[in-house]
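Residue numbers (UniProt numbering): 1 to 489.
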Amino acid sequence: MSAQGKNEVDPVMQQLRAIADASSLMELDKLLTQSMAQLQIQALLKDEGLSKVLARVEELSQAEDDEAASLQALAVLGRLAAVARGREGAVNRTVVALSPDHDLPSLEGLDSDGKAYAAQCLLQLDTYWLNDYALRESVVLDTAEKPRKLLIELLLKRFASVAEAWAAHIEALEQLEEISNPESRLRRARRISGAWLEVLRSGSFEPGGQSGTALSEWVAALLQGDNKDVDESLLFSIVDDAFDLLLRLIELRFSHAMLSDTYQVIGRARSLLGRARWIQFLSHSRSREAVNLCLRESALVLARQGKTDKALMDVMQSLYLSKAQMMKDLTRHFEKAQELDPDVRQWWVNAGVVTGSSRAVVHKVGISEDQMIGELLIEVLNTQPFMEALRDSVAPLLEINDPISAEKVTGAAAGYADIARNALMLARMRRLSKTALKGEVVEFNPLQHELLSEVRQGVRSVKVVRDGIQKDFGGSIKMLIKPRVEPHN
């Protein structure tokens, strides 16, 4: 081997020696950055290299022992965790071991990569000051979107629900008032709303109780200040983010879609924008139609339960420029739902307007005389095949051996026929008709069917064993007597 080869220094050993000689965490961070840029970091951390670097980080942290050093240590450890390749556990143990017992300086004091690395390490900590720090820094950070999202992820991890995290974040949003330029303030607010949306879409979180109220108040805090002369596209983008957050809440808990309180952010945004801007927003919104579709589907679910909701209808109407367009969309959405109660259906497709004739119908429904006639009609029609068989088959046989009894049977059949004709005529006068579903297998609807079974849960398909009676109220068909059904496997 040449003398020159003997004198060559292993670059990894040279880097480890430089790290051991580093006089500060900042210097150590620069050495690691250079190693990454030279694609030598994996060789540096191989075997005992990682433990040596971690030991040096601990030594320097204890030597410097101040708030700035604690923050820099997190940035260094975050950088190491990002390249540790399966040995992140060793790095995280060091993060916990060096966990500061005091609040940290702002992440803004670090470079762009350092902010993200430090924020990543904060996810490993569990200390009393962490909530306040994450709340504050998620607002203070200007254009550092990755660390902002990590801080929001941290908040959602530490708070019991999204609603609680938003409620706590409202106070932190007061820091936006320190930004004197309205455009700059709104740009920061837009980054914050976008970060929350992206994080909430990235995982499954507990919305919490009154999440709609929490969202409404949070958006109001986000849009605080004088917004008269600002770029409207910024305002509209923030409101669209709020609508998307609303939709995400509903994705996480669909049952919330049927509660009008869930949609409070719509009314709050309308109030914050003002009438003129709200009309303009509706024309340009990217999320409005998705929220409208959600509202229409919620209305259909409520209608299938025989329910109406004035508050939900008011929310829906606020998202339309005209009532006529809303009614058109509702009519189209309800078009194939033929199983609905006619009055409930009419209420929804008419945007909650009940005509005089419809109100009269409500009082007529359930009249005992019509129900009695309906029961009689069912019995008459059910007995008709047997009486016809008695007249056509039994009476002729009796005529041979017992003419007297045959005459009585024939007379009874004729008397039944008169009763049947009268019952049918009376039913036509009262506009009653049989459902003609007996023997068919249909989807179970508790509003339309009487289930002859003690077990109700999980029943989807049922077989009709007795027809029901329905009444025509001037084109509005109402079920007076429900068809009797049995579960069908």
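For glycine and all other residues, C-beta sits at the position ideal for the given N, C-alpha and C.
Query	Result
Going by CA-CA distance only, name the one from T435, I279, R288, L321 that's closest to residue 490.	The question about residue 490 has no answer, for the chain in this structure spans 1 to 489.
The ligand COA and G374: does any heavy atom of the ligand fall closer than 6 angstroms to the residue's C-beta?	Among the components of this structure there are no ligands whatsoever, and the ligand COA is therefore not found.
Rank A119, I19, E388 by C-alpha distance to the C-alpha of L54 and give the top, closest one.	I19
Contact defined as beta carbons within less than 8 angstroms: I believe K149 pairs with E198. What is the distance between those atoms, to the nearest angstrom?	6 angstroms
Per DSSP, what kind of secondary structure is L123 in: helix, strand or coil?	coil
If you draw a straight line from the alpha carbon of E171 to that of A221, how long is it in whole angstroms?	8 angstroms
Can you name the residues that DSSP bridges to P487?	V462
Let me know the secondary structure DSSP gives I373 once reduced to three states.	helix
Does DSSP put D472 in a helix, a strand or coil?	strand
Measuring straight from C-alpha to C-alpha, what distance separates V239 and E178?	22 angstroms
How do the stretch 415-429 and the stretch 442-450 stand: do at least 3 beta-carbon pairs fall below 8 angstroms, yes or no?	no
By the three-class DSSP mapping on this structure, what secondary structure does V362 have?	Here the model assigns V362 a pLDDT of 38, short of 50, so the residue's position is not dependable and the matter cannot be decided.
Assuming contact is defined by CB atoms lying nearer than 7 angstroms, are K115 and A81 in contact in what I supplied?	no
Between T410 and L376, what straight-line distance do the alpha-carbon atoms span, to the nearest angstrom?	22 angstroms
Inspect the CB distances between the stretch 46-61 and the stretch 76-90 and report whether three or more fall short of 8 angstroms.	yes
Alpha helix (DSSP H) containing L272: first to last residue?	264-273
Does the Cβ of V361 have 16 or more other Cβ atoms within 10 Å, making it buried, or fewer, making it exposed?	Its pLDDT being 38, under 50, V361 is placed unreliably by the model, and nothing is read from it.
Assign I373 to one of two classes, buried (16 or more other C-beta atoms within 10 Å of its C-beta) or exposed (fewer than that).	buried
Should P483 and D472 be called a contact, given that it needs their Cβ atoms to be closer than 7 angstroms?	no
Cutting at 7 angstroms between CB atoms, please list the residues of its own chain near Q124, excluding the five before and the five after it.	N92, V95, V96
Taking the alpha carbon of S23 as the point to measure from, which residue in Q62, P396, R85 has its own alpha carbon closest?	Q62
Does the Cβ of V349 have 16 or more other Cβ atoms within 10 Å, making it buried, or fewer, making it exposed?	buried
Determine, using beta-carbon pairs with one atom in the stretch 261-281 and one in the stretch 217-235, whether at least three such pairs fall under 8 angstroms.	yes
Going by alpha carbons, who is nearest to E388 out of A417, L321, R460?	A417
Along the chain, where does the alpha helix (DSSP H) that runs through V344 open and close?	342-349
In whole angstroms, what is the alpha-carbon distance linking H363 and S211?	Caution is warranted here: a pLDDT of 33 is assigned to H363, below 50, making its placement in the model unreliable, and no coordinate value can be reported.
Among E454, D370, D231, whose alpha-carbon lies nearest the alpha-carbon of S433?	D370
Using 10 angstroms around the beta-carbon of I477, count the other beta-carbons present and answer buried if the total reaches 16, otherwise exposed.	exposed
Can you give the Cα-Cα distance for L45 and A84, rounded to whole angstroms?	7 angstroms
Beta-carbon separation of P100 and S70 under 7 angstroms?	yes
Determine the burial state of A324: buried for a count of at least 16 other Cβ atoms within 10 Å of its Cβ, exposed for fewer.	exposed
Quick check on this structure: which residue in E153, Y128, I481, A68 has the alpha carbon closest to the alpha carbon of T435?	I481
Could you please give me the residues that DSSP links to K323 through a beta bridge?	Paired residue(s): none; K323 is not in a bridge.
How long is the line joining the alpha carbons of S393 and G415, rounded to whole angstroms?	17 angstroms
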